[in-house]
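Written below as C-alpha cells is the structure these notes are about.
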Amino acid sequence: MFDAHPDLTEAVVHGLGWLYVILFVMNAWWTVVAYRRGTHTRVRLFGLLEDGQEVPTAGFWALYSALLLMVAIAHFQVTGSYAAENFLIRMPEWLKVWIDAVIADPVAYFTLSVVGFAAVILLREWLVRPTVAWVLLNVALVFMALSMTDFDFRQIVGKPDNVPIVAMLFILGFFTWLYFRRAVENDRRIAEGRPLFEQEDNEKVLVWPDLVYTELICMVVLSVVLVAWGIVLQAPLEEPASAVKTPNPSKAPWYFLGLQEMLVYYDPWLAGVVFPSLILVGLMAIPYIDFNKKGNGYYTFKERAFAVSVFMFGFLPLWVAMIILGTFLRGPNWNIFGIYEYWDVHKLEVLNNVNLSEWFWLTLMQTQQPQSILVRELPGIIAVLAYLIILPPLLAGTVFRRFFHRMGFIRYMVFVNLALLMAALPIKMVLRWAFNLKYIVAIPEWFFNI
Amino acid sequence: MSVGDYIRNSQIWKSIFRHPAPYDRRNRVVVMLTNFFLHLHPVNVKQQGIALSYTWCMGGITFFLFLVETITGVLLMFYYRPTLEWAFNDILALRDVQTLGIMREIHRWGAHAMVITVWLHMYRVFLTGSYKPPREFNWVVGVLLLVLTLLLSFTGYLLPWDQLAIWAITVGSNMARATPFLGSEGPGAQLLNIGGYDLITSASDARFILLGGRFVGEATLNRFYILHCVAIPLVVAGLIAIHFWRVRKDGGISQPL
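Pasting the structure below:
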C-alpha cells in the first residue's frame, strides 16, 4: 500500500549512510589517537578469562569503527522504496513509545533536565575525561541518526529554522564540557598549590601575527560555513501572511520560546513583561551582587560554586531546556507531543486547574467565596507577600547569613529578591503539577493573576 | 625589481600603508598603531588570554556576524520593498529568480547564529568571571547588546511577511498588551483614567505603539523595517564601539590577577 508518510525513503537512508560515514571517520581518527596513547584495558569476558587479558583500548575503537563502516555500507545498499520501507536499521518502535512516554510529560521533562544538570555538576570530574566525552558524543550522534528514521522526528528536527537549534545543543554541550574540563584542572591545581593553567606559558606575544591571523582564519572559516549553509538549506518561506488564518500552534521566534513556555504557568503580564525585564535587570546586576573576588580571569568551579551553579541553572534547565521544549515538543493547542509523535490537532489534554482561593474557601473552609475581591484572594495575597517580605529576612538569618554580612542590606535585598523571583518559575511549575494550582492570586477583574 | 616590490615602493602604496610590511618586530608593532582597523587591538597580549580554549572566540565571531548581517542586509535593502503589496513577492523572487538571492539565506542563518554566539560569549564571560571588577560596566553594556541582538532578530522576523512572520510577531507582541499600567489588558491600567475616561485602551497602549495599530499590519511592517534596518543597528554600532573601547580601557582580555 502507498504510504504518504513513509518512515524511510531511499533518499533518507542514503543520507543517513553519509552520517554513518562521518561517524566512521571520526572514530577511525579516535582509534589512531587511542593507539598513540597506548592505553590498555583488562578484559575478563565475564570470568571466561580468569586473570583477564590486556587488550589495547584502540582495539575496541577499531571494532566500533568497523561496525560503523558496515552499517554505512548497509545503508548504501538500499535501492527502491520497498527496500527502504523494510530497512532494518531503525529506531525500534517499543523504544520510541517509551521515550515519548517519558519526554511528552512536562513533569518528567523538567525533572530530567534538572537531574541531568545536577548530575553534570556532581559527576564533573568523571565527565571531563576525553574518553567519557567521546562516548557521550557518539551516543548522542547515533541516537540522532536512529531517530532520523522516524517520519515525525524528521518533520520537526529537519525544519530549516530548527537546524541551528539542534546545532546549538551540541555546541552548548561542547563548551559546557570544555568549561568543566578547564575548571576541574584549575581546581586540582589550586588544591595542590600549583600555578593556574592560564598562568603557564603565558608570555606576552605580538598581536600581529598571533591574534590577527587567528581572527583572519576564523573569518574565512565562518564565511565558508555561512555560504555552505546558505546553499544547502533554503531559508523558510511559508504562505503569504493572512490575518484570518491562525496557524496552530502559533509560536514566537525560537529564542523567545522559553518565555512562551512560561505563559503556561504565569499570565502574560508576568511571563511576558515582568519576568523578562527582571531577567535583564538581574543579568545587569550580577557584577554588583557577586562580591567574590576569586575566579576573575580563569576557569574554576570550586572557588565560585554557588555563582556558577545559579547562572548555569538559569541558563541550561530554565532557558535552553525550555526553548527545546517549546520548539520540539509543543504542538497544536500548545499540547506536549513526544519527539516521535504525530502532531494530532485533536489530541485532548484535560485541564482541571483550580485557584488557591477556590480551594481555600470551597474545599478547606466549606463555605461560599466571599463577595469582596480582596477578602476572597486574601490567602493568596498573604502567601505572595510572605514569600517576598518574610522570606528575605528569614534567609538572611539562616541560609544566606554569610551573604548578608558580606553584601550589606541593599545589595542583599536586591540579590535575594532576584533569586526568589527566579525560583518562582520552578515553584509554580511544581505547584501546578502537584496540586493543579492555576493562580495563587486570581483577580481577573483587574487583570491581576499570579 | 619585481612587480611586487615596484608596487610596494610606489607613492600610492606608501601613502596608504605608512610603513614597510610587518615582517620584523618593529613593523609588527608599528602596523598595530598606524592601521585604523587594527588599532582596536593592543600591540601585544598575553598568550593564554587569546587562546581559543580560553576565549572561545565568541565575541569576535559575534562582531563578524554583525558585519555579515550589515553587508547582506544592505544588499537585501536594495531589492526589498516593505509594503503589503511587495514584501512577500520580493522575498519569493529572491528565493526563486533573483541573482544572489542566497544573500537572504546567509542573512537569516547568520542571524540565528548571532543569537547563539551572543549567548555563548556571555556564557564564557560569566564562566571566566570576566565581569568582575574592573569590568562590571562592560558586562552591563554587553547585556544591552544582547537585548538589542534579540530585538534585531525579532524585528527582522516580520519582514518576509509570510504566515511564520506575522504570527510569530503577533504572539510576541501580544505580551505588550499585558504590560502593567501601559497595556490595555495589564494590571493597573484601569487606574489610569480621567473622569471615567480610560487613558489606556487598545488604541493607545504599549502594543499599539509597538505595532502602529491594533493588529500586525502595514504600519507594523514599516515600523519594524525602520527599526530593523536603521534605528537598532545605529544603537548597536554605538554600543559595540563602547564595548570594545571598554575592553581596552578596563585592562584588556581578562587574565588571572
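Note that the protein sequences, when read in sequence, are chains Z and X.
First residue of the first sequence: 922, per my numbering; consecutive thereafter.
First residue of the second sequence: 46, per my numbering; consecutive thereafter.
Glycine residues also receive a C-beta, built at the ideal position from the N, C-alpha and C atoms.
Please read these numbers as outputs of a predicted model, since none were measured by experiment.
For residue i, the residue or residues it bridges with in DSSP
i: Z/V964; result: Z/Q974
i: Z/R1102; result: DSSP, once it has assigned bridges, lists no residue as partnering Z/R1102.
i: Z/L1127; result: X/N89
i: X/I44; result: Chain X is shown from 46 up to 302; residue 44 of chain X falls before or after that span and cannot be answered.
i: Z/L1370; result: Checking the sequence, you will find Asn at residue 1370 of chain Z rather than Leu. In DSSP, Z/N1370 forms a bridge with Z/A1363.
i: Z/I1257; result: Z/R1251
i: X/D207; result: Z/P1161
i: Z/V1275; result: Z/L1358
Alpha-carbon to alpha-carbon, residue j and residue i
i: Z/E1298; j: X/P232; result: 15 Å
i: Z/F1118; j: X/V76; result: 31 Å
i: Z/S1293; j: Z/E1366; result: 12 Å
i: Z/W982; j: X/Y202; result: 45 Å
i: Z/T1150; j: Z/G1079; result: As written in the sequence, residue 1150 of chain Z is Trp, which differs from the Thr given in the question. For Z/W1150 and Z/G1079, the distance between alpha carbons rounds to 14 Å.
i: Z/G1094; j: Z/W1282; result: 48 Å
i: Z/R1103; j: Z/T1221; result: 7 Å
i: Z/G959; j: Z/V976; result: 10 Å
i: Z/R1327; j: X/K294; result: 29 Å
i: X/T194; j: Z/F1196; result: 19 Å
i: X/N238; j: X/T246; result: 10 Å
i: Z/R1115; j: X/P179; result: 26 Å
i: X/A96; j: Z/M1350; result: 42 Å
i: X/S55; j: X/R63; result: 12 Å
i: Z/T998; j: Z/L929; result: Checking the sequence shown, residue 998 of chain Z turns out to be Gln, not Thr. Cα to Cα, Z/Q998 sits roughly 14 Å from Z/L929.
i: Z/A1029; j: Z/T1248; result: 17 Å
i: X/S98; j: Z/K1359; result: 46 Å
i: X/S175; j: X/G283; result: 22 Å
i: Z/N1254; j: Z/S1171; result: 9 Å
i: X/T200; j: Z/I1364; result: 33 Å
i: Z/A1340; j: Z/G968; result: 54 Å
i: Z/H952; j: Z/V1060; result: Reading off the sequence, residue 952 of chain Z comes out as Thr, not His. Roughly 17 Å separates the two Cα atoms.
i: Z/V1145; j: X/I61; result: 29 Å
i: X/I116; j: X/V281; result: 15 Å
i: Z/Y874; j: Z/L1346; result: The displayed coordinates of chain Z run from 922 to 1371. Any statement about residue 874 of chain Z would go beyond what the structure contains.
CB contact flag (residue i, residue j, <9 Å)
i: X/L204; j: X/F269; result: yes
i: X/L137; j: X/H288; result: no
i: X/A251; j: X/A221; result: yes
i: X/V216; j: Z/A1173; result: yes
i: Z/E931; j: Z/G1001; result: yes
i: Z/A1206; j: Z/V1335; result: yes
i: Z/W1264; j: Z/P1027; result: no
i: Z/Y1261; j: Z/I943; result: no
i: Z/E1136; j: X/G105; result: yes
i: Z/W950; j: Z/A993; result: no
i: Z/L937; j: Z/A1022; result: no
Where residue i falls, given that 16 or more other Cβ within 10 Å makes a residue buried
i: X/A158; result: buried
i: Z/M1183; result: buried
i: Z/K1017; result: buried
i: X/H86; result: buried
i: Z/R957; result: exposed
i: Z/Y1100; result: buried
i: X/S218; result: buried
i: X/I214; result: buried
i: Z/E1124; result: exposed
i: Z/N1276; result: buried
i: X/I52; result: exposed
i: X/R73; result: buried
i: X/W343; result: For residue 343 of chain X there is no data in the structure shown, the boundaries of chain X being 46 and 302.
Any C-beta of chain C under 9 Å from that of residue i
i: X/S198; result: Annotation note: the requested chain C is absent from the structure, which comprises protein chains Z and X.
Proximity test, residue i beta-carbon vs the ligand HEM heavy atom, cut-off 8 Å
i: Z/P1116; result: Inclusion of the ligand HEM in the displayed structure is not the case, the ligand content being empty and no account of it being possible.
Short-range partners of chain Z found in the segment 208 to 239 of chain X, where Cβ spacing is below 8 Å: Q208, L209, A210, I211, W212, A213, T215, V216, G217, N219, M220, A221, R222, A223, T224, P225, G228, E230, G231, P232, G233, A234 and Q235
Tell me which residues of the segment 114 to 126 of chain X have at least one Cβ-Cβ distance to chain Z shorter than 8 Å, keeping chain order. none
What are the residues of the segment 52 to 84 of chain X that lie near chain Z, defined by any Cβ-Cβ distance shorter than 8 Å? Cβ contacts with chain Z: P67, R70, R73, V74, V76, M77 and L83.
Against chain Z, which members of the segment 285 to 298 of chain X pass a CB distance test of less than 8 Å? Those would be none; no residue qualifies.
Proximal residues, the segment 174 to 196 of chain X versus chain Z, C-beta separation under 7 Å: G174, S175, Y176, K177, E181, W184, V185, V188, V192 and L195
Got a sec: which bits of the segment 964 to 996 of chain Z sit with their beta carbon under 9 Å from any beta carbon on chain X, in order along the chain? Result list empty, no residue passes.
Using a Cβ-Cβ cut-off of less than 7 Å, give me the residues of the segment 131 to 165 of chain X that come near chain Z, in sequence order. F133, I136, L137, R140, I147, R149, E150, I151, R153, W154, G155, H157, A158, V160, I161 and L165
Determine which residues of the segment 1115 to 1135 of chain Z have a Cβ less than 9 Å from any Cβ of chain X, and write them out in chain order. P1116, L1117, F1118, E1119, Q1120, E1121, D1122, N1123, E1124, K1125, V1126, L1127, V1128, W1129, P1130, D1131, L1132, V1133 and T1135
Using a Cβ cut-off of 7 Å, which residues of the segment 251 to 282 of chain X contact any Cβ in chain Z, in chain order? Result list: F260.
Can you pull out the residues from the segment 85 to 106 of chain X whose beta carbon lies closer than 9 Å to at least one beta carbon of chain Z? H86, P87, V88, N89, V90, K91, Q92, Q93, G94, I95, A96, L97, S98, Y99, W101, C102, M103, G105 and I106
May I ask you to list, following chain order, the residues of the segment 1013 to 1035 of chain Z that have a beta carbon less than 8 Å from some beta carbon of chain X? none
Taking Cβ-Cβ distances below 7 Å as the criterion, which residues of the segment 1232 to 1255 of chain Z are in contact with chain X? F1232 and F1236
Interface positions of the segment 1179 to 1191 of chain Z facing chain X (Cβ-Cβ less than 9 Å), listed along the chain: L1180, Q1181, L1184, D1188, P1189, W1190 and L1191
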